[in-house]
Amino acid sequence: MPWPSTGSCAPPQPGTLDPQWLAQLEEVREHVGSEPPLEALYVFVLAWPRLYGMVSMEAFGHLAFALTVPGPVFEQTLREILALLGGM
4 MPWPSTGSCA
14 PPQPGTLDPQ
24 WLAQLEEVRE
34 HVGSEPPLEA
44 LYVFVLAWPR
54 LYGMVSMEAF
64 GHLAFALTVP
74 GPVFEQTLRE
84 ILALLGGM
């Protein structure tokens, strides 16, 4: 299935990625088994650890030292990820 060329995701413009990223993103693309644009993989690689990290930190109580109610921090993280994806 071809990857969509339009949508709400606002990845970097083609050809603007730092060359140090390109080889690593090419390896990720090989593992995906299809041909997503490198710019889309770049956005995914930036967003996934933030989401996964926030969920893990809350699930294992690692935010308790600073926050009694971590919901607002989680929601702010989601807003930042949506902005990265071009959704806000």
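In this note's numbering, the protein residues as written are 4 to 91.
All C-beta atoms in this analysis are idealised placements derived from N, C-alpha and C, irrespective of residue type, glycine included.
In the structure shown, what three-state DSSP assignment does residue i receive?
i          : result
residue 84 : helix
residue 73 : coil
residue 25 : helix
residue 38 : coil
Is residue i near the ligand MN, judged by its Cβ being under 7 Å from some heavy atom?
i          : result
residue 78 : No copy of the ligand MN occurs in the structure displayed, which carries no ligand at all.
So residue i is in the alpha helix (DSSP H); what residue range does that whole segment cover?
i          : result
residue 47 : 41–62
Handout entry: the region 36–49 touching the region 58–70, judged by at least three CB pairs closer than 8 Å
Key = no
Practice task
Check whether the region 65–79 touches the region 22–36, counting contact only when three or more Cβ pairs, one atom from each stretch, lie closer than 8 Å.
Solution key: no
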